[in-house]
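Take a look at the structure set out below.
2 protein chains.
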Amino acid sequence: MPVDFRCDCPFTSALDVLGDKWILVIVKQMLTEGKETFKDFTESDEAIATNILSAKLKLMEKLGLLQKTKRPDNKKVNLYLLTEKGLALTPILVELANWSDNNLRDIHPDILSGEGMQFLRQDKTAFTAMLLSNYRKKLEKEGLKARAIVNLDI
Amino acid sequence: MPVDFRCDCPFTSALDVLGDKWILVIVKQMLTEGKETFKDFTESDEAIATNILSAKLKLMEKLGLLQKTKRPDNKKVNLYLLTEKGLALTPILVELANWSDNNLRDIHPDILSGEGMQFLRQDKTAFTAMLLSNYRKKLEKEGLKARAIVNLDI
DNA sequence: ACTTTTTACTTGCGTATTGCAAGTTATATT
DNA sequence: AATATAACTTGCAATACGCAAGTAAAAAGT
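Chains W and B are the protein sequences, given in the same order. Under the numbering used here, the first residue of the first sequence is numbered 7, with each subsequent residue one higher. Under the numbering used here, the first residue of the second sequence is numbered 7, with each subsequent residue one higher.
This is the structure we're talking about:
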């Protein structure tokens, strides 16, 4: 699974890495739902299978999108945390959500329009900045406080 | 192939539709390389297989991302042209290219840095607007002029 | 101390998507 | 009328995805 690039186009190369059904969903869950452990991800709405989750987390670590660590007081639970390279995916996610909001409702009427989406509609840039700032705050606290939930009910 | 949605999350729903290796590449080729016929797509750098191309074009038409038409004087050649819903994907593509430009060079050093990418780096918004405006100009001419190339050598 | 639960996986197997090569049909060109 | 071109389809191999079950190590409960 070492990602082979089709050509030198920056658009296509991004899709060689991100063009699947799971990687960006996992980033979303970390960024907007505060998920950080293997268990967290398996309990999500999207219901990722454990074998795929395992493979994707490994790949994402290899790609440098996330880092695998542990809390000093717990040898069992692994923490998966976004790196800067992973955090840099935020604007892509925001554009994806924005596109769904504007263009997918005809074939999928139940798409959520919660507080988060309304914020996004008003100010995309501020929404992106908020997600990043929340996650960075969470990272700072990591190791001390057990959990700094970022859940926004998108 | 009727796209089934995993849940009601706008992020995830976008990926249910766009989360594959080809749809956004096809949109990119239309938007930045002036591709519009079946033949055009098969001749690309990315080398999409004809069976996959056929399936994806059908799906994209069904999703309303593109429209299939012909020129009045030619019954053989099909034209695939982006709709507004398809054009609305432009900001996503721009963010993808921008992410590659900034984060993928370590594992893929040959990523292009042409004129287009330099424009993108300087002003993402203006770059997006330029792509859209170029494509709309091309659409206007369609039917009269044979080809309004948008090729930017990204 | 020892039994149970929790977490983080792996393995096996079936299904779905992707990819290659070759073939087919209709239209256009010579 | 013969050849070439465009737009496909079909068959089959390879890869990715998905479910269910099982395992190992650490933590929690008694």
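By construction, the Cβ of each residue, glycine as well, lies at the ideal position given by its N, Cα and C atoms.
Neighbour list for residue i in chain W, Cβ cutoff strictly below 7 Å
i: PHE47 of chain B; result: Correct list: empty, because the minimum Cβ distance to chain W is about 13 Å.
Own chain residues within Cβ distance below 7 Å of residue i, not counting five before or after
i: PRO97 of chain W; result: THR134
i: THR18 of chain B; result: ARG12
i: GLU52 of chain W; result: VAL31
i: THR56 of chain W; result: THR48
Listed by chain order, chain W residues near residue i by CB distance under 8 Å
i: MET123 of chain B; result: PRO16
i: ILE58 of chain B; result: The premise fails here: ILE58 of chain B is roughly 13 Å from chain W at the closest Cβ pair, so nothing lies under 8 Å.
CA nearest to the CA of residue i, picked from the options
i: ASP112 of chain W; options: B:GLY70, B:LEU65, B:THR56 and B:PHE44; result: B:GLY70
i: ARG127 of chain W; options: W:LYS74, W:LEU24 and W:LEU102; result: W:LEU102
i: LYS62 of chain B; options: B:LYS76, B:PHE47 and B:ASP51; result: B:PHE47
i: ASP14 of chain W; options: B:ALA94, B:LYS144 and B:ASP107; result: B:ASP107
i: ASP26 of chain W; options: W:THR56, W:ASP51, W:GLU49 and W:MET66; result: W:MET66
i: ILE54 of chain B; options: B:LYS64, B:ILE32, B:GLY40 and B:LYS74; result: B:ILE32
i: LYS144 of chain W; options: W:TYR86, W:THR18, W:THR56 and W:LEU118; result: W:TYR86
Chain-order list of residues whose beta-carbon lies under 8 Å from that of residue i (same chain, five-residue window excluded)
i: ASP22 of chain W; result: VAL9, ASP10, PHE11 and ARG12
i: TYR141 of chain B; result: MET36, LEU37, LEU88, LEU93 and VAL156
i: VAL100 of chain B; result: LEU126, LYS130, PHE133, THR134 and LEU137
i: ILE58 of chain B; result: TRP28
i: LEU30 of chain B; result: LEU24, LEU95, ILE98, LEU99 and LEU102
Residue-chain proximity (residue i, chain W), Cβ-Cβ < 8 Å
i: LYS34 of chain B; result: yes
i: ASP129 of chain B; result: no
i: LEU63 of chain B; result: no
i: LEU99 of chain B; result: yes
i: ASP116 of chain B; result: yes
CB contact below 8 Å: residue i versus chain B
i: PHE11 of chain W; result: yes
i: ALA20 of chain W; result: yes
i: GLY25 of chain W; result: yes
i: GLU42 of chain W; result: no
i: GLU52 of chain W; result: yes
i: LEU30 of chain W; result: yes
i: GLU67 of chain W; result: no
Contacts of residue i in chain B (Cβ-Cβ under 7 Å)
i: ALA103 of chain W; result: PRO16, PHE17 and ALA20
i: ALA94 of chain W; result: TRP105, ASN108 and ASN109
Contacts around residue i, its chain only, beta-carbon distance under 6 Å, and the 5 residues preceding and following it disregarded
i: THR43 of chain B; result: VAL83
Output needed in chain order: residues of the stretch 81 to 92 of chain W with a Cβ under 8 Å from some Cβ in chain B. LYS91
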